[in-house]
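Reviewing the structure listed below.
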Amino acid sequence: MSLAYALRRCGLMVYTLLVVSIIVFGVTQILPADAAVVLLGENATPEQLAALRDRLGLNDPAWQQYARWLGGVLTGDFGISVRTGQPVLPTILDALSRSLLLALLSIGFMLVIAVPLGIAAATRRGQLGDIAFGIVSYVGVSLPEFVTATLIILLLADTFKLLPATGYVPLGEDFVAGLKHLVLPVVTVSLIMVAHVSRMIRSELVDALHSDYVRAARMKGLPETRVVYGHALRNALLPTITIVALDVGYVLGGIIVVEEIFAIPGIGRQIIIAIQSRDLLMIQAGALTLATTYAVMNFLADLAYAVVDKRIQYE
Amino acid sequence: MSEVLARLVRSPQGAIGLGIVSLVGIAVVAGPWLAPHDPNAISILARYKPPGGQYLLGTDQLGRDLLSRLLHGAQSTVIMAAIATLCGTVMGALIGTTSAYVGGRTDDAVMRTIDAVMAIPSLLMSLLVVSMLGRSQANAVLAIAIAFTPGMARITRSVALAVRKQDYVSAAIARGEGTAYIVMGEMVPNVVAPIIVEMTIRVAFSVMLFATLSFLGLGAQPPTPEWGLMVSEARKFMHLSTWMILWPCCAIALVAIGFNLLGDGLRDALNPRT
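Residue numbers (our numbering), protein chains in the order written: chain A, 44 to 358; chain B, 505 to 778.
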């Protein structure tokens, strides 16, 4: 991978973030709530509303408001939350750190399980283990997080009383209790991803094992492990990198529901609360933060892709 | 076409998938006639009934028949999800194929913008759109379609890009055919197969997404017997009756499994190489 490719890709990430900021700002602009009414309540007089709109610059053209908002965002000023009266940025960063912990633990847990599972199923194609894997993974991808979460709470937290059903304890405060509270959410988030990613690895690997270069490698007399790990897996992992990168977006979406159900004060929960209370600046900041996290992950995935497949940079 | 169908039915996953999807289809079309009770009839004396007797699957916190609610809910859940997927697929396929055909800077610009839109997770995108347009079933469908469009465009493009390099496309260009003909006449038919596979699997996602929106209170509104909404309502009474929560969960899972199986069966049937 050349430096030029990395730089070009970095530039594209900046473009991505710019487009995202326009979408996020645009969408929240069309929200049916009037920011001034939200701030002052339904009983405010028209004069009060007009004065506030004037002070907040709500009468300016949309692009001027956008430029002002973006300028603030770039200098770390996301504004003041309508709901709490506190600055938005510290709240968001606090929530993000909790969400990232949940997301990273889930992705790590998922990879440790999904990759060997996919390989094992593909190399035993059609055998009993592969069929059992197929059935379990079908059920796995077919359950939305809220169903998985509810069933897990029903089973582990209520029936066996093993783990706390909801709530959050910071790891720094009480490490063991914090970890216990994270187990069920992490299992929920990773479960569907395990099914999705291992299924993808299996199907790509099955395809690769039927290709001409694998046949050639076998005819050359290479040992089967070399054929699978050296030739087929390398090609099978290419699409998988993209899928994992896409799944990060899915995780970031999924934690919205999981945080809501398990009552974890992360960024997803913050966004839902903000949407319910029409807290415009908080919605914007939350959505932008999630999207930025995803864009950075995607950028890293593309770099990894270029390292694995040398053809990429010439296209 | 009939050859594909024959191959589909011959594989176990294709046959089971087709079976489940057909059953779901029957529930969607004939659900209201098959339902033994009125889905919204409240019966205070028959609350939290376990399965059996007059109520085949039991009753909920208001004594409403769960089987009847599930059968009626099939329409609100499955049809909405299918419509959303179809809209998202058509929009995405058009964008993806055209972009791959045009190529060059335009393709680059379109794809970067698509990447940017995809940096917003589909659930968040749907949440934003629904909260912008107001909570309702129709808005949830639109939100899911919008959320699916960039993903479908990206997948279509990657398939179309491979097709674009084929000799028959070069031949059409050499013959001097117009862009519209080459995209619609030469490229779309050849990218359709993988797209149908992806679309079938996406119906499963769409059912899940739609149920999730309803679960969060942003999709179907009570007393609609939508499955996600049923789970959300049942959560409060989890300790009184497990059945209320279990059945709609199973229904969502069954539909999603059915479409996933059908999609995979179709993939194998359309691509006999593997």
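The beta-carbon is built from N, C-alpha and C at its ideal position, and this holds for glycine as well.
These figures come from a predicted structure and were not determined experimentally.
Residue-level contact to chain A via CB, residue i, 9 Å cutoff
i	result
B:PRO698	no
B:PRO729	no
B:SER472	Nothing can be reported for residue 472 of chain B, as the shown portion of chain B is limited to 505 through 778.
B:ASP611	no
B:ALA715	yes
B:THR778	Note on B:THR778: pLDDT 41, under 50, position unreliable in the model; the coordinate value appears next. At least one chain A Cβ lies under 9 Å of B:THR778.
B:ARG739	yes
B:GLY600	no
B:GLY592	no
B:GLN517	yes
B:GLY723	no
B:MET636	yes
B:GLY769	no
Distance cut-off 8 Å: residue i Cβ against heavy atoms of the ligand NAD
i	result
B:GLU690	As for the ligand NAD, it is missing from this structure, which has no ligand bound.
Cutoff 9 Å: residue i Cβ touching any chain B Cβ
i	result
A:PHE68	no
A:GLU267	no
A:ARG167	no
A:ILE150	no
A:ASN341	yes
A:ILE315	yes
A:ILE318	yes
A:LEU160	no
A:THR209	no
A:ILE299	yes
A:GLU90	no
A:GLU188	yes
A:THR283	no
A:GLY177	yes
A:TYR293	yes
A:TYR357	Below a pLDDT of 50, predicted positions are generally treated as unreliable, and A:TYR357, at 48, falls in that range; no measurement from the model is reported.
A:VAL62	yes
A:ALA157	no
A:MET326	Correcting the residue type first, residue 326 of chain A is Ile in the shown sequence and not Met. Yes, A:ILE326 counts as interfacial toward chain B.
A:THR231	no
Beta-bridge partners of residue i, as assigned by DSSP
i	result
A:ILE123	A:PRO130
B:THR563	B:ASP569
Cβ-based burial, residue i [other Cβ within 10 Å; buried from 16]
i	result
B:HIS743	exposed
B:LEU765	buried
A:ASP322	buried
A:ARG118	With the sequence shown as reference, residue 118 of chain A is identified as Thr, and Arg is not the correct amino acid for it. Counting Cβ neighbours within 10 Å, A:THR118 comes out exposed, since fewer than 16 surround it.
A:ASN86	exposed
B:GLY762	buried
B:ASP619	buried
B:TRP537	exposed
B:CYS753	buried
B:LYS553	buried
B:LEU722	buried
A:THR59	buried
Cross-chain neighbours of residue i in chain B, by beta carbon under 7 Å
i	result
A:SER185	ALA708, ALA757, ALA760, ILE761 and ASN764
A:GLY296	PRO625, SER626, LEU627 and LEU628
A:ALA334	ALA623 and ILE624
A:ALA330	ILE624, LEU628 and LEU632
A:ALA338	ALA623
A:LEU55	ARG616
Within chain B, the residues that residue i reaches when beta carbons sit closer than 8 Å
i	result
A:TYR58	ARG616 and ALA620
A:VAL182	ALA757 and ILE761
A:LEU197	MET742, THR746 and ILE749
A:GLU303	LEU720
Interface partners of residue i on chain A, CB under 7 Å
i	result
B:ILE650	Correct list: empty, because the minimum Cβ distance to chain A is about 10 Å.
B:SER572	What B:SER572 touches in chain A: nothing, since even the nearest Cβ is about 21 Å away.
B:VAL504	Residue numbering for chain B in the displayed model covers 505 to 778; residue 504 of chain B lies beyond these limits and cannot be assessed.
B:MET712	PRO187
Proximal chain A residues relative to residue i, where beta-carbon distance stays under 9 Å
i	result
B:ILE583	The contacting residues do not exist; B:ILE583 stays about 18 Å from chain A at best.
Neighbouring residues, chain B, relative to residue i (Cβ below 9 Å)
i	result
A:PHE272	A small correction: the amino acid at residue 272 of chain A is Tyr; Phe does not occupy that position in the sequence shown. Under the 9 Å cutoff, chain B gives no residues; its nearest Cβ is about 20 Å from A:TYR272.
A:ALA259	Within chain B, no residue comes near A:ALA259; the closest Cβ sits about 17 Å away, beyond 9 Å.
Per-residue contacts from residue i into chain A (C-beta, under 8 Å)
i	result
B:LEU522	Within chain A, no residue comes near B:LEU522; the closest Cβ sits about 15 Å away, beyond 8 Å.
Below 7 Å between beta carbons is the criterion; list the residues of the region 218 to 229 of chain A that meet it against any residue of chain B, in chain order. none
Residues of the region 110 to 133 of chain A in Cβ contact with chain B at a cutoff of 7 Å, in chain order, please. none
What residues from the region 650 to 676 of chain B come within 8 Å of chain A, judged by C-beta to C-beta, listed N to C? GLY655
Closer than 7 Å, Cβ to any Cβ of chain B: which residues of the region 245 to 256 of chain A, in chain order? VAL249, ASP250 and HIS253
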